[in-house]
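All remarks here apply to the structure that follows.
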DNA sequence: TTGTAGGCGTTATCAT
DNA sequence: ATGATAACGCCTACAA
């Protein structure tokens, strides 16, 4: 393996000089800079990132904390896009990244989690799919030992940012559109997880809409479960005119139930997953660009590393309908 | 951060002694072993894996090389299970793992890839979704610089193992079952990728079956594309009695086409993804346990690390039908 | 502007 | 059986 030493020899300078060139230090003459870069080229030198991580207290290693829901595969799509988006962006910043799943730390304490992350020289964390019940992760954030970026969870402090779309407006928009395209004022809202971060926001949006448009709003918690949405629809679907769901998965569950009941109700979802293309029925949904969200999270982590304070970063969304012929490839 | 030095101080021994205890070296007395472990407990010491990786030429860092197909989300399910299975097992062996996608190295040469992996102190690699066209990856394997385990690609040498189900038998079985459950002897086989590893095996299986059962076999390449399968079905579906597909995704594409053509043909798939539950039509398929496959790959990597030669590891499969109510949760 | 030297946390080789 | 001590490859004051 060619090391910085080899480069230094070849360039006829000291190791530290090479290091300075490589890390964009000031006070290096153009001449030596060129000599060094030439040697780097010729030797195909790639710095050993493990050694770098050990040596410097510099940032550069980040962990993706993914709340994998192993049973629902529409979730797989979202998580996969999160991971893919983050890894791509991380390459730009030359961050090393390790991927971790919540379930790996199921019975661990914060301290154990922290020590594990330290043992990996992790300095930044991106958290996907956090819900209020994940106490350990919250303690982790509160510890302020690491720079954090949470996706879709409005947890900000000096070391923590949040990247998210405007769930209130998005939920409002998609429901409004669906209502205007159809008739009736009785809407069943199948919300997400009780006490979920986005859940409360979205319910608030629905209440606003109900007030403005004079709707009779029935709110039930579907726990982001397709099955639950299905059952709620069997129970309450008939007496509603329109069904608004807090996720595509639940929208599909609801729609399938309606089909089995042999009645029609317009249903709208949330997320814009390709799975929506398989249902046969066109539904409005909110399209989020999960890869872009995740890439932005990496960027934001970099900002935090550079001394910026935590903040909310809002990302765009769009209203779409997803057809089978759109998603296949 | 508590280091090995702190442990040594607390236990009243030398750093090297602590290291020996921690790494199960021989020639350490029970007494000191206990002293050290007690100090470890009390200090909640977790060894810094980055430092360990730098210091020792020991194995322990592995890379997951995933051929992410960003457009097909049934693929997401499979890849997610691969990743999840590997990460779980890796924890048991205390392997550090980094996840990489093929597209990250799209225009890179083998040498660049090798240097990157070296810069990460990677000693083992698991490869998912390899096809014959991925030249760089093949060169990587041939270089024998790393221990490799390929999933579903029969590439073995002294440093490379393969973990896979028996694709020939599986394809034979699922097709046989479907044929026996229905009538007619004209079967359209929508194969996978031209020159794909599993593709050729499965085509061989179909030919065997055709001979034994006196079938008229029509083989077309669907490239594992749902869209392609859909179009092939529009073209050739009518004159077949039965359609056998090399993936669930293609089976779904085919089935959807049949539905639009308003004709019925039994279709069977391959993989056992949950997406099959959304089609409404029951289809036979081969269920693979992707997490188990991936976990086995990690195990096999460990075997290779321990001096074992590369080999083929065969995993079980089963024939199933997937219902909507089975998959939702 | 450049180079020297100490350190990051471990592992591993040698003495003892 | 135990303990110094030199790597591992890089970063970073600090000295020159």
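Protein chains in written order, with my numbering: chain A, 32 to 360; chain U, 32 to 360.
Note that beta-carbon positions come from the ideal geometry of N, C-alpha and C, so glycine has one too.
Quick one: does residue i have its CB under 8 Å from some CB of chain A?
{"i": "residue 185/U", "result": "no"}
{"i": "residue 287/U", "result": "yes"}
{"i": "residue 50/U", "result": "no"}
{"i": "residue 129/U", "result": "yes"}
{"i": "residue 54/U", "result": "no"}
{"i": "residue 369/U", "result": "Given a span of 32 to 360 for chain U in the structure shown, any question on residue 369/U remains unanswerable."}
{"i": "residue 111/U", "result": "yes"}
Based on the DSSP secondary-structure assignment, which residues constitute the bridge partners of residue i?
{"i": "residue 284/U", "result": "Beta-bridge pairing links residue 284/U to no other residue."}
{"i": "residue 222/A", "result": "252/A"}
{"i": "residue 343/U", "result": "193/U"}
{"i": "residue 273/A", "result": "218/A"}
{"i": "residue 349/U", "result": "318/U"}
{"i": "residue 159/A", "result": "97/A"}
{"i": "residue 178/U", "result": "155/U"}
{"i": "residue 302/U", "result": "318/U"}
{"i": "residue 188/A", "result": "191/A"}
{"i": "residue 131/A", "result": "96/A"}
{"i": "residue 247/U", "result": "217/U"}
Would residue i count as contacting chain U if we go by Cβ distances under 8 Å?
{"i": "residue 99/A", "result": "yes"}
{"i": "residue 171/A", "result": "no"}
{"i": "residue 122/A", "result": "yes"}
Which whole-angstrom value describes the C-beta separation of residue i and residue j, a residue pair presumed to lie in contact below a C-beta threshold of 8 Å?
{"i": "residue 49/A", "j": "residue 62/A", "result": "With 8 Å as the limit, residue 49/A and residue 62/A do not qualify as a contact, their Cβ atoms being about 14 Å apart."}
{"i": "residue 187/U", "j": "residue 343/U", "result": "6 Å"}
{"i": "residue 122/U", "j": "residue 135/A", "result": "6 Å"}
{"i": "residue 285/A", "j": "residue 264/A", "result": "4 Å"}
{"i": "residue 196/U", "j": "residue 346/U", "result": "5 Å"}
{"i": "residue 154/U", "j": "residue 178/U", "result": "7 Å"}
{"i": "residue 182/U", "j": "residue 159/U", "result": "5 Å"}
{"i": "residue 52/U", "j": "residue 32/U", "result": "Not a contact, Cβ separation roughly 19 Å."}
{"i": "residue 75/U", "j": "residue 138/A", "result": "Their Cβ separation, rounded to whole angstroms, is 16 Å, which puts residue 75/U and residue 138/A out of contact at 8 Å."}
{"i": "residue 252/U", "j": "residue 163/U", "result": "The pair is not a contact, with the Cβ atoms about 13 Å apart (cut-off 8 Å)."}
Can you pull the chain U neighbours of residue i, defined as C-beta to C-beta under 7 Å?
{"i": "residue 162/A", "result": "Going along chain U, no residue has its Cβ under 7 Å from residue 162/A, so there is no contact; the nearest lies around 16 Å."}
{"i": "residue 81/A", "result": "81, 84, 85, 151 and 152"}
{"i": "residue 32/A", "result": "149"}
Could you tell me which chain A residues have their CB closer than 8 Å to the CB of residue i, listed as they occur along the chain?
{"i": "residue 351/U", "result": "Within 8 Å Cβ-Cβ: nothing; residue 351/U doesn't reach chain A, min ~16 Å."}
{"i": "residue 135/U", "result": "118, 119 and 122"}
Using the beta-carbon of each residue, which ones in chain A are nearer than 9 Å to residue i?
{"i": "residue 354/U", "result": "Neighbours of residue 354/U on chain A: none; closest Cβ ~12 Å, over 9 Å."}
{"i": "residue 176/U", "result": "Going along chain A, no residue has its Cβ under 9 Å from residue 176/U, so there is no contact; the nearest lies around 10 Å."}
Mind listing the chain U neighbours of residue i? Cutoff is C-beta to C-beta under 9 Å, in chain order.
{"i": "residue 77/A", "result": "143, 146, 147, 149 and 150"}
Using a Cβ cut-off of 8 Å, pull out every chain U residue sitting near residue i, in sequence order please.
{"i": "residue 309/A", "result": "283, 306, 309 and 310"}
Exercise. When the Cβ atoms of the region 215 to 234 of chain U are set against those of the region 270 to 287 of chain U, are three or more pairs found closer than 8 Å?
Worked result: yes
Exercise. Does the region 117 to 130 of chain A come close enough to the region 78 to 96 of chain A to have 3 or more Cβ pairs within less than 8 Å?
Worked result: yes
Exercise. Between the region 281 to 297 of chain A and the region 249 to 265 of chain A, are three or more C-beta pairs nearer than 8 Å?
Worked result: yes
Exercise. Do three or more CB pairs link the region 172 to 184 of chain U to the region 235 to 253 of chain U at distances below 8 Å?
Worked result: no
For this session: Examine the Cβ distances between the region 191 to 209 of chain U and the region 319 to 332 of chain U and report whether three or more of them are shorter than 8 Å.
Result: yes
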